[in-house]
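**Q** Residue numbers (the working numbering): 1340 to 1381.
Cβ coordinates follow ideal geometry from the N, Cα and C atoms, glycine included.
In this text the structure is predicted, and so the values were computed from the model without any measurement.
Mind having a look at this structure? Questions to follow.
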């Protein structure tokens, strides 16, 4: 496993791992869109 996924044990590590994975899957633009969507509730 990559080192960054090993941090998932801690609460903070889980957050940053989720961010990293989302960014990897969506790409920078998709990640920004998702972040903005989460910030303001529908």
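1) Taking DSSP as the reference, what is the three-state secondary structure of residue 1349?
2) Any idea what DSSP makes of residue 1379, helix, strand or coil?
3) How about residue 1370 and residue 1356: are their beta carbons less than 8 angstroms apart?
**A** In this structure, then:
1) coil
2) Three-state result, residue 1379: coil.
3) no
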